[in-house]
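Peer 1: Residue numbers (our numbering): 5 to 523. First, the structure itself, so that you have it in front of you.
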Amino acid sequence: MAATHYKTLRLILGDQLNAKHSWFQSKDHDTLYLIAELHQEATYTRHHVQKICAFFAAMKAFASALSQAGFHVCHLTLDDTAGYKSLPELLDKLIADHQIEVFEYQRPDEYRLLQQLRTLSLPASVSCTEADTEHFLLPFDEIPRHFAQGKHVLMEHFYRMMRRRFAILMQGEKPEGGKWNFDKENRHKLTATDLASVPAPLCFNNPVSDILARLEKHGISHFGKASDSLLWPVTRRQAIELLDHFCQYQLQNFGYFQDAMTDQTEHQWSLYHSRLSFSINTKMLHPMQVIQTVLTHYEQAAGRISLAQVEGFIRQILGWREYVRGVYWANMPDYGSSNTLSANRDLPDFFWTGKTGMACLRAAVSQSLDYAYAHHIQRLMVTGNFCLLTETDPDQVDAWYLGIYVDAIEWVEMPNTRGMSQFADNGIIATKPYAASGNYINKMSDYCKSCQYSVKKKTGADACPINSLYWRFMDKHQQRLAVNPRIGMIYRHWDNLTDNERQAILSRAEFCLNHLDQL
């Protein structure tokens, strides 16, 4: 790009593709917008190849849309930025080349990037301004009002506050339908009849061969299934199309089957899930736009879509998503090193290959490698539960979740992983570990039917490893957990076993821990 003089340089990060931002309400020919593929962002963790392609393709599309709308845009690829070790080095060069007087950026959603931008060493002649992303429903400066460092905040209370604040599914001061939460109605297993009705997912055909070539050229390490065609939405138009498709074909059964898992349909990876998280987390879609679109379909469905489906979905957007962001910012940077249970085991190799005899892990990991996606129960109660029970180092668990999922950005990934899944945050998010035996997997999926291990057994070579690992975990942490009224009753079963029975279970668990990659 020719070194044209501009007064202002505005940085747009890969997760700031918000076409409705106030920056774009008017055009200023003295302002240059920077969108850049950066080596530091492609390598700060090892990413799934589809995740990198999705971000880079969406950034390119956004840069093109801005240019066509008449904005001055500097879109740089890895070819252009390869000579710069970091974002600050690139900014220094552009500020000098274009004689910039004002540098502006939208506040990053990751602590790492916020620190980097807030500690920039700019020339004395250059002023710096931090803008809001104008995306989240809870203003950033209100987070301390609702979240205190190291303190547990009940998500349900936060969710109800947000419902009242935005008058979502409310009838005056009371919740529509007389209940705040229909979670108990959202735990159905898919039957054979249900499987035949699972809708086909909407997939896109976005060419990314040029991005794959750049990754190869610049030696960017990645993993997962690569293809010249990317199925994820990379434009706002595609994101809206995916939202409308969800409302038309999947919303009517989203709540009922949001926790269900199966390997008995070709659509097992998508089921009734919206798969909108990448579009929302990159800000191609605003969360309130998603909520209002869902509400419109609900109101116009003439009873075809029940309240339980809609409430279950809105709870994820209005409640959980905003909640984990508050937890993240209230507790960083210490949150990133929390390890309450002193877990230190290495992540098993099959998390990178999917090659394991455990059907549930094989399905969830293989799906993640193939699509850079798994739904929340697969993440929490299959891979997450396994890492919890095997005492896997939360740093390694964090890195895997952050890298493998297309929607994973640290602010949303870390509280879900280190907090909700691994209980490494000492209960800031969850009041108890989300530990489960194979019975839970069997209740919510059909994985166990095709597994080489027996979900009914705790001991023996063919016993489900998760069963013995679960009881070892519960036994080891009994002093901590037994006082929790939600868990105490579980120990009655354990205490009623004979010493020999308990020892046999613990021995099976130790065998599994010593042979994780052979399970």
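Built from N, CA and C at the ideal position, the CB exists for glycine as well.
Between Ser71, Leu345, Tyr276, Tyr332, which lies nearest to Gly154 when the distance is taken from Cα to Cα?
Peer 2: Considering only alpha carbons, the answer is Tyr332.
Peer 1: Quick check on this structure: which residue in Gln371, Trp415, Ile381 has the alpha carbon closest to the alpha carbon of Arg329?
Peer 2: When each option's Cα is compared against that of Arg329, the closest is Trp415.
Peer 1: Using the three-state DSSP reduction, which class does Asn22 fall into: helix, strand or coil?
Peer 2: Correct three-state label for Asn22: coil.
Peer 1: CA-CA distance, Thr300 and Trp184?
Peer 2: If you take the alpha carbons of Thr300 and Trp184, they lie about 19 Å apart.
Peer 1: Does the Cβ of Glu514 have 16 or more other Cβ atoms within 10 Å, making it buried, or fewer, making it exposed?
Peer 2: It counts as exposed.
Peer 1: Which runs of the alpha helix (DSSP H), 4 residues or longer, sit entirely within the stretch 389-453?
Peer 2: Runs found: 389-393, 398-408, 414-418, 442-448.
Peer 1: Assuming Ile470 and Ile445 are in contact, meaning their beta carbons sit under 8 Å apart, how far apart are those beta carbons, in whole angstroms?
Peer 2: Going by Cβ atoms, the distance from Ile470 to Ile445 rounds to 7 Å, so yes, they are a contact pair.
Peer 1: For the beta strand (DSSP E) that Glu108 lies in, which residues bound it at each end?
Peer 2: Where Glu108 is concerned, the enclosing beta strand (DSSP E) stretches over 106-110.
Peer 1: Going by CA-CA distance only, name the one from Leu142, Thr396, Phe140, Thr8 that's closest to Cys78.
Peer 2: Measuring from the Cα of Cys78, the nearest candidate turns out to be Thr8.
Peer 1: Give every residue of the same chain whose Cβ lies closer than 7 Å to the Cβ of Met5, excluding the five residues on either side of it in the sequence, and list them in chain order.
Peer 2: Annotation note: pLDDT 47 at Met5 (below 50); position unreliable, coordinate value reported separately. Answer for Met5: Cys78, listed in chain order.
Peer 1: Determine the burial state of Ser283: buried for a count of at least 16 other Cβ atoms within 10 Å of its Cβ, exposed for fewer.
Peer 2: Ser283 comes out buried.
Peer 1: Assess contact between the stretch 304-321 and the stretch 35-43, defined as three or more Cβ pairs (one per stretch) separated by less than 8 Å. Is contact present?
Peer 2: They do not touch, by the three-pair rule.
Peer 1: Only counting the same chain, and skipping five residues up and downstream in sequence, which positions put a Cβ closer than 7 Å to that of Ala508?
Peer 2: For Ala508, where only same-chain residues beyond five positions count, the Cβ hits under 7 Å are Thr463.
Peer 1: Using the Cβ count rule (16 or more neighbours within 10 Å means buried), how would you classify Leu393?
Peer 2: Looking at its Cβ environment, which holds 16 or more other Cβ atoms inside 10 Å, Leu393 is buried.
Peer 1: For the beta strand (DSSP E) that contains Arg14, what are its first and last residues?
Peer 2: Element bounds for Arg14: 12-15.
Peer 1: Which of the three DSSP states is assigned to Cys207 in this structure?
Peer 2: It is coil, neither helix nor strand.
Peer 1: Indicate the three-state DSSP secondary structure (helix, strand or coil) for Ala467 in the structure shown.
Peer 2: It is a strand residue.
Peer 1: Going straight from the alpha carbon of Lys178 to that of Thr12, what length do you get?
Peer 2: Each residue's Cα considered, the two are about 48 Å apart.
Peer 1: Along the chain, where does the beta strand (DSSP E) that runs through Thr239 open and close?
Peer 2: Per DSSP, Thr239 belongs to no beta strand (DSSP E) and is neither H nor E.
Peer 1: With Cys364 as the anchor, note down where its beta strand (DSSP E) starts and where it stops.
Peer 2: Element bounds for Cys364: not the beta strand (DSSP E) but the alpha helix (DSSP H), 363-375.
Peer 1: According to DSSP, what are the bridge partners of Ala61?
Peer 2: Its beta-bridge partners do not exist; DSSP assigns none.
Peer 1: So, with DSSP's three-state summary, where would you put Val294?
Peer 2: It is helical.
Peer 1: Taking the alpha helix (DSSP H) that Glu134 belongs to, which residues open and close that run?
Peer 2: Segment 131-135 is the beta strand (DSSP E) holding Glu134; no alpha helix (DSSP H) there.
Peer 1: State yes or no: is the C-beta of Met362 within less than 8 Å of the C-beta of Cys251?
Peer 2: No. Outside cutoff.
Peer 1: On the DSSP bridge list, what partners appear for Lys178?
Peer 2: Per DSSP, Gln175.
Peer 1: Please report the Cβ distance between Glu395 and Tyr405, rounded to the nearest whole angstrom; I am assuming they are in contact, meaning their Cβ atoms lie under 8 Å.
Peer 2: About 17 Å; that fails the 8 Å criterion.
Peer 1: Tell me whether Leu121 sits in a helix, a strand or coil according to DSSP, three-state version.
Peer 2: Leu121: helix per DSSP, three-state reduction.
Peer 1: Would you give the residue range spanned by the alpha helix (DSSP H) that His76 belongs to?
Peer 2: Careful: His76 lies outside any alpha helix (DSSP H), inside the beta strand (DSSP E) at 76-80.
Peer 1: Take Tyr276 as the anchor and find which of Gln522, Gly223, Pro291, Tyr253 has the nearest alpha-carbon.
Peer 2: Closest by alpha carbon: Tyr253.
Peer 1: Please report the straight-line C-alpha distance between Arg422 and Leu219, rounded to a whole angstrom.
Peer 2: Using only the alpha carbons, I get a separation of about 29 Å.
Peer 1: Quick check on Ser458: does DSSP put it in helix, strand or coil?
Peer 2: Strand, per DSSP.
Peer 1: I need the DSSP call for Ile309, collapsed to helix, strand or coil.
Peer 2: Looking at Ile309 - three-state DSSP - the assignment turns out to be coil, as it is neither helix nor strand.
Peer 1: Using 8 Å as the threshold, is the stretch 217-232 in touch with the stretch 260-269, meaning 3 or more CB pairs across them?
Peer 2: Short answer: they don't touch.
Peer 1: Name the two residues that bound the continuous alpha helix (DSSP H) containing Tyr260.
Peer 2: Neither: Tyr260 is in no alpha helix (DSSP H) and is coded neither H nor E.
Peer 1: In whole angstroms, what is the alpha-carbon distance linking Arg241 and Tyr495?
Peer 2: If you take the alpha carbons of Arg241 and Tyr495, they lie about 53 Å apart.
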